[in-house]
Structures are given as structure tokens and as C-alpha cells.
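J.:
In the numbering used here, the protein residues as written are 13 to 655.
(1) Evaluate contact between the stretch 442-461 and the stretch 424-432, counting only Cβ atoms and requiring at least three cross-stretch pairs below 8 Å.
(2) Report all residues from its chain with a CB closer than 8 Å to the CB of residue 16; omit the five preceding and five following residues, and keep chain order.
(3) Considering only DSSP beta bridges, list what residue 63 is partnered with.
(4) Specify, as a first and last residue, the run of the beta strand (DSSP E) that residue 355 falls within.
(5) Residue 147 by DSSP, collapsed to three states: which one?
(6) Can you tell me where the beta strand (DSSP E) holding residue 479 begins and where it ends?
(7) Would you be able to state if there are at least three C-beta pairs under 8 Å between the stretch 258-276 and the stretch 297-308?
(8) Can you tell me whether residue 313 is buried or exposed, with buried defined as 16 or more other CB within 10 angstroms of its CB?
(9) Which residues in the same chain as residue 172 place their Cβ atom closer than 6 Å to its Cβ, once the five residues preceding and following it in sequence are excluded?
(10) Where do the N-terminal and C-terminal ends of the beta strand (DSSP E) with residue 541 fall, by residue?
(11) Just to confirm my understanding: we take residue 125, look at its own chain, exclude 5 residues before and 5 after, and list those with CB closer than 6 Å. What are they?
(12) May I ask you to list the residues that DSSP assigns as paired with residue 7?
(13) Just how far apart, CA to CA, sit residue 408 and residue 384?
(14) From 289, 562, 281, pick the residue whose C-alpha is nearest to that of residue 311; which is it?
(15) Please return the same chain residues whose Cβ sits closer than 6 Å to the Cβ of residue 570, not counting the five positions on each side in sequence.
(16) Please say whether residue 48 and residue 661 have beta carbons closer to each other than 8 Å?
(17) Let's see if you can read the secondary structure: which residues bound the beta strand (DSSP E) around residue 547?
(18) Count the other CB atoms, across all protein chains shown, that sit within 10 Å of the CB of residue 499; report buried if there are 16 or more and exposed otherwise.
(19) Where does residue 578 fall in DSSP's three states?
(20) Using CA atoms only, rank isn't needed, just tell me which of 63, 227, 488, 163 is closest to residue 620.
(21) So, is residue 122 buried or exposed, given that buried needs 16 or more other C-beta atoms within 10 angstroms?
(22) Mind checking residue 30: buried by the 16 CB within 10 Å criterion, or exposed?
(23) Tell me, which residues are paired with residue 292 by DSSP?
(24) Between the beta-carbon of residue 211 and the beta-carbon of residue 222, is there less than 8 Å?
(25) Could you check where the beta strand (DSSP E) with residue 85 kicks off and where it finishes?
(26) Please return the same chain residues whose Cβ sits closer than 7 Å to the Cβ of residue 511, not counting the five positions on each side in sequence.
(27) Please state the DSSP three-state secondary structure of residue 35.
(28) Within its chain, find whatever has a CB closer than 6 Å to the CB of residue 198; leave out the 5 residues flanking it on each side and keep chain order.
(29) Label residue 579 either buried or exposed according to how many other C-beta atoms from any shown protein chain fall within 10 Å of its C-beta, with 16 as the threshold for buried.
(30) Using the three-state DSSP reduction, which class does residue 382 fall into: helix, strand or coil?
(31) Residue 473 and residue 484 - do their beta-carbons sit closer together than 8 Å?
(32) Taking C-beta to C-beta, are residue 440 and residue 535 nearer than 8 Å?
(33) For residue 34, I'd like the list of residues in its chain whose CB is within less than 6 Å of its CB, leaving aside the five on either flank, ordered along the chain.
(34) Could you tell me the alpha carbon to alpha carbon distance between residue 320 and residue 275, rounded to whole angstroms?
(35) Mapping the DSSP letters down to three states, classify residue 106 as helix, strand or coil.
(36) Short check: CB of residue 501 to CB of residue 453, under 8 Å?
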């Protein structure tokens, strides 16, 4: 089924009205309002012969394989959330002449133009010869047949693209007089499929066929690691050795595997980057136990720091692979910072005295009824499970999670949201959370009350280039009315308080703090990014994060990004994810009034991904992804419909 969340719009779909018997691929284009549409799902169906589906790319197009061995029709269905489904058909009929792909042979021996292991499979780094067989599915002879091979895949280089086939009678076949030649890059991962386009010509007539060849290769994943000379863990200032255990999850052996270890941390240096692993059978484990890597952790490294490492693997046949792993340096306690989040923010409190970023508690009273110079905001919140919010102009541009803001929304329920929002959320959640406002700054997110002159104030401290928001003597909800909360958030002008990233420094200060609302998960303290996928949870539901000190009167917490630059590490760095990760679905729960569920998938290397939605009984509801995905961060959406 489909839940509309807006007036459904029509789709403009382009595809051939008919194809000839023998056609093996169809390209479909989808647009709306004259612009191509990405993410539309296209399905081609013809009984048991063809059932293929895929999503359109950024160009609004998708090419799908078909089987058209006899006259008939293929049904075309196109769907996209909040768009009217398209239903169409493509006729299949015999043409006078139609010459298309029938078969091929993959020659990867070491003869003539080929270079490989001779297994007749496409492996990374191989140079192959590709004889191709064509068939004339028409009723008339095709004369002087030639064909040109092309490929859009950046991992493939076609070195001999043109071949001739002579005359092909109706129903007849012919092999190319010579071979097409191509070369595959060494870093092509297992499970990748190479798609070749074959343009066949006879006189003035042309026909296009698709050739799909799967790549067979070793593919390694991290299993474990062993420390030598460090003791039970790596501590700041220590040096020692490391071996890494990896498993071959590909479909070909990894022969004579060697590795180069790269550090992506400023505090961990790889002093011996080379290791030998030997040969790994399919499914086998190997470890560089006889040829260790060597590491050194800087003395100034943060306790609990997770140092990202990347293992660059090479095989004797020239193939390559990359495996992500990590080591933890030290062990964080209450005197160490909390974090980082993925963006790079840390939370330092005034017990973190061993760090230069440690803040000092200096309460700034701005409530006018207590001698301050602030201005009360028009926020009246005297009912349970309610709140008030007001959007204000900031006295200076403030960068937060890489975005610059000139306005902020302040809520009586203990939070600030950068930018403008109508939200007044009183119900606090963990961080990150889809139920939070975007770009949230939460010194005490809870169901709070204003009363008389005890309310929310703000003040621009122009002399010290900072903006202060104080929740002055507010009360907790329900039976906790007599518990007073007095706290503030301070935004520092990035132009006068520079940070590693240009983002503004933020401080929370607490004069009175009573975390007593057990009926609604106590309070939440922390920060969160714009799409609610990242942030620092300092405390929630009475739980304090690693490195966090308990909050009470006299506590100050500073949130500041510390940019991790790879100045001490070995080798090259990468912005690719370090490990396979599937972030929680957003929004969650997913139901009425929510149009699309978004999933964030992080892949450290190209992988064959199958992502399916199952119901409570384990029955398939929808396949969201089936096939190879490139390394990087992917956003996969589901509109709530079944297959």
C-alpha cells in the first residue's frame, strides 16, 4: 500500500514502445516537471521469462536486463512516493533483422593479449580476450555485421573495441573473427558486476545489447588483532607491535597477501607498516603473526581515543583490497572528555584538568530579578507536557556542525535549536534521536515550567563576544514542582574564539540542577546535528556517558570540535567509513504522517549488499537493496510499501 503525504504528482516515463525478439536490455527514463527523478523504482515483468527491477539514478534512468525470446509483451511499472504510479507495456515482436548478443568466452590465460590465471573468470588486474557470439533473431540475412564494445565502468579499460562477424542468416549465429580485449583494475571488489555495451551494426541498422560479467575476487574482513609489548591495552606514550587477523569472505583465494598499515589518527604512528599474511583460501583466516606491524601512541593522546587504522592489502596477481580496523588507546574515566562524535565534537567538563580544553566555572547571572542584565523571552510554560519556543536573531554568525546560523530557537523545555523551528518538544530522548529538533543544543532537555519572573532570559555580552541563554529558576514537571533548575548555555563568537573547524564553542553551566523526573526518563544533556544522526549524549535517563562527570551546582561542560588530522600517521588517509554500520532508522517509529523512512548505511569497501524489510513473522515485505554498492555513505529510503 501507499500512504500519500502530499498531492500525488504524475510521472513522465520514457521507454521504447516495442523491442525485437532477441533484445536483452531496456532503458527506462523517469521525470516529473521536466526534471529527471532519482530513486524511482522501475519493474519489468513478462511472466516467468522476465522479472527485473531497479532504481533510477541521478539522470533519472535505469537499464534493466530482459529476456525476449518470443513475441509477446513486457509490463512496465514505475513507482515513487507521492507520485501517481505509471503502468505501461513494451511489445515484443520479430523484426526483419535483429542481431544481438548470445554468448561469450572469457579467455584469461597468458597468451596473446590476455594475462591472468586461466580460470575463465573475471579477476582483478586481469587482461582478458573476449570472443563474442551473435545471433540473428530476424527473418532476413544481416550482412557485413560489425560490433563495437564500450564500458562506462571506471574500473574497466577496453583496449580492442571493434570486431567483425561477416554475414549472419536468419536464425544463424556467428563468432567474432577476433577477440575484444579489456583490462580490469586491481582494486575491483568481489561481487562487482561489469556491464559492457555491445553496439552491433549491419549497413544502416544498429542494435544494442548488454553483457554482464561478475567479478570473482578475494575479499577480506577484519576478525581480530593481537598486541605485542603493550600489555593488556595500548596506553598513551607506549610502543609495541600488532598483528591483524583477517578472513577471506570473497569467492577466490587471496594468493601471497601482503599488507600496508595506515594510521588515520594524529596520536598513533605506524613505525613498521609492512606485514605478510600468506595465502588465504576462500573462507580462510590468515594473520601476520610472523611479520608484525609496529605502533607508537603519543603521550598526549586522549584516554579512550579510538585510533582508526586502514589495512591496504595486495595480492601476488596484482589485485588489491582494503580492510578497516581500529585500536583503543588508554581507558577513559570521569576525568577524561566525552566523545568524539563523528563530526569531531568533544565534551570537556571542569574535572578534565589534564586537558588544555578544560573549562572553568564562572556563573553569569543574567536574570533581571537577580541583578542580571538579560532580557526575558516571551515564553510562558505553566502546563505539563507543553512548552513555548521563540526564534531570535543571534548577535553574531554562529557555525554549528559545519552550518552557519544567524537565528536560533529557544525553548522553555531546556534546549536551543539553531535556525527556526516551531517545535516545543518537552519529551526528552536519547541523542541522537529523530524526536529531537534539528541542530539541538540541550543543557537540560526536560519538561520544565516557568513561573512569574522565573523564566528564560537571553543576553549578548558584547564585551566578551558571547551570547548567554539562562533558564532561571524553572521547575520540573509533575510532582517535582518544588525542585528548582537554574542553568545556562553560552555561545562563543567563532570570530573571537577560533576552533579547529570554525564551529563555535558552546558551554553549559549549572547553578542548581535537580535531575529528578524519573517518570519521563530524567533529563537529556548534549548536542545533536541537523539530520539527527550524530551528536554527543552527555547524560540521559540517569546514565552518564564515558568520560562524563555527574552534574550538579558548579559544573561546566564545554563542547568544542577537535579536528583529527593525520600528521603523525603512516601513509595515506581516506574519508571512507572505517567499518560497516547501519544507523538506526529515521524516523522511528515509522507510521502515519511520516512519508519516508531513511536508513544510513556506511560501507568501508564495495560490497554486495542485500537489505530487506521483514514483518514480525519473518515474511518479506520489501527488498530495499540487492547487489553491489560502492564504498561510502549511502542513504536508502523506504516509502512503507510492500513489493
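Cβ coordinates follow ideal geometry from the N, Cα and C atoms, glycine included.
T.: Taking the coordinates as given:
(1) Cβ pair count under 8 Å is three or more, so yes.
(2) Indexing the chain shown from 1 puts residue 16 at position 4. Closer than 8 Å at the Cβ level, and outside the excluded window around residue 16, lie 94.
(3) As a position in the chain shown, residue 63 is number 51, starting the count at 1. Answer is 57.
(4) As a working mapping, residue 355 is identified with position 343 in the chain shown. Run containing residue 355: none; DSSP gives neither H nor E here.
(5) On the chain shown, residue 147 is found 135 positions in, with the first residue counted as 1. Residue 147: strand per DSSP, three-state reduction.
(6) By 1-based counting over the chain shown, the position of residue 479 is 467. Annotation for residue 479: the continuous beta strand (DSSP E) segment containing it runs 478-488.
(7) Taking 8 Å as the limit for Cβ pairs, the verdict is that the stretch 258-276 does touch the stretch 297-308.
(8) For the purposes of this step, residue 313 is taken as residue 301 along the chain shown, with counting starting at 1. By the Cβ-count criterion, residue 313 is buried, with 16 or more other Cβ atoms from all chains shown falling within 10 Å of its own Cβ.
(9) Translated into the one-based positions of the chain shown, residue 172 becomes position 160. Cβ within range, chain order: 192, 193.
(10) Sequence index remark: in the chain shown, residue 541 carries index 529 (1-based). Careful: residue 541 lies outside any beta strand (DSSP E) and carries neither H nor E.
(11) Walking along the chain shown from the start, residue 125 turns up at place 113. 141, 193.
(12) Residue numbering for the chain in the displayed model covers 13 to 655; residue 7 lies beyond these limits and cannot be assessed.
(13) Locating residue 408 in the chain shown gives position 396, where the first residue counts as 1. Locating residue 384 in the chain shown gives position 372, where the first residue counts as 1. C-alpha separation (whole angstroms): 21 Å.
(14) Here residue 311 corresponds to residue number 299 of the chain shown, with the count starting at 1. The shortest C-alpha to C-alpha distance from residue 311 to any of 289, 562, 281 is the one to 281.
(15) Reading the chain shown from its first residue, position 558 is the one you call residue 570. Excluding positions up to five away in sequence, the list reads 360, 371, 519.
(16) In the structure displayed, the chain extends from 13 to 655; residue 661 sits before or after that span and is not available.
(17) In the chain shown, the residue the question calls residue 547 occupies position 535. Element bounds for residue 547: 547-552.
(18) By 1-based counting over the chain shown, the position of residue 499 is 487. Flag for residue 499 reads buried.
(19) For the purposes of this step, residue 578 is taken as the residue at position 566 of the chain shown. Its pLDDT being 44, under 50, residue 578 is placed unreliably in this model, and the value from its coordinates should be taken loosely. Coil.
(20) Indexing the chain shown from 1 puts residue 620 at position 608. In this structure, 227 is the residue among 63, 227, 488, 163 with its C-alpha nearest to the C-alpha of residue 620.
(21) Indexing the chain shown from 1 puts residue 122 at position 110. Within a 10 Å sphere around the beta-carbon of residue 122 sit fewer than 16 other beta-carbons, which makes this residue exposed.
(22) One-based indexing of the chain shown puts residue 30 at position 18. Label assigned to residue 30: exposed.
(23) If you number the chain shown from 1, residue 292 lands on position 280. Beta-bridge pairing links residue 292 to 266.
(24) Along the chain shown, one-based indexing puts residue 211 at 199. Along the chain shown, one-based indexing puts residue 222 at 210. No Cβ-Cβ contact shorter than 8 Å links residue 211 with residue 222.
(25) Within the chain shown, numbered from 1, the residue matching residue 85 stands at position 73. In the DSSP assignment, residue 85 falls within the unbroken beta strand (DSSP E) covering 84-91.
(26) In the chain shown, residue 511 corresponds to position 499, counting from 1. Here the set comprises 517, 572, 573.
(27) Sequence index remark: in the chain shown, residue 35 carries index 23 (1-based). Three-state result, residue 35: coil.
(28) Taking the first residue of the chain shown as 1, we reach residue 198 at position 186. Within its own chain, the residues whose Cβ lies closer than 6 Å to the Cβ of residue 198, once the five positions on either side in sequence are excluded, are 136, 137, 330, 331, 332, listed in chain order.
(29) Here residue 579 refers to the residue found at position 567 when the chain shown is read from its first residue. Unreliable placement is indicated for residue 579, whose pLDDT of 41 sits below 50; the coordinate value is still reported in the next sentence. Taking all protein chains in view, the Cβ of residue 579 is surrounded by fewer than 16 other Cβ atoms within 10 Å, so the residue is classified as exposed.
(30) Position 370 of the chain shown, counted from the start, is the residue given in the question as residue 382. Residue 382: helix per DSSP, three-state reduction.
(31) The sequence position of residue 484 within the chain shown is 472, counting from 1. The sequence position of residue 473 within the chain shown is 461, counting from 1. The answer is no: Cβ separation not under 8 Å.
(32) Counted from its first residue, the chain shown places residue 440 at position 428. Counted from its first residue, the chain shown places residue 535 at position 523. With contacts defined as CB atoms closer than 8 Å, residue 440 and residue 535 qualify as a contacting pair.
(33) By 1-based counting over the chain shown, the position of residue 34 is 22. Shown here for residue 34: same chain residues with a beta carbon closer than 6 Å to its own, the five before and five after excluded, namely 110, 112, 149 in chain order.
(34) Start at 1 with the first residue of the chain shown, and residue 320 comes out as number 308. Start at 1 with the first residue of the chain shown, and residue 275 comes out as number 263. When rounded, the distance between both Cα atoms is 6 Å.
(35) Taking the chain shown and counting its residues from 1, one reaches residue 106 at position 94. DSSP places residue 106 in coil when its eight states are reduced to three.
(36) Numbered from 1 along the chain shown, position 489 holds the residue referred to as residue 501. Numbered from 1 along the chain shown, position 441 holds the residue referred to as residue 453. It is a contact, given that the beta carbons lie within the stated cut-off.
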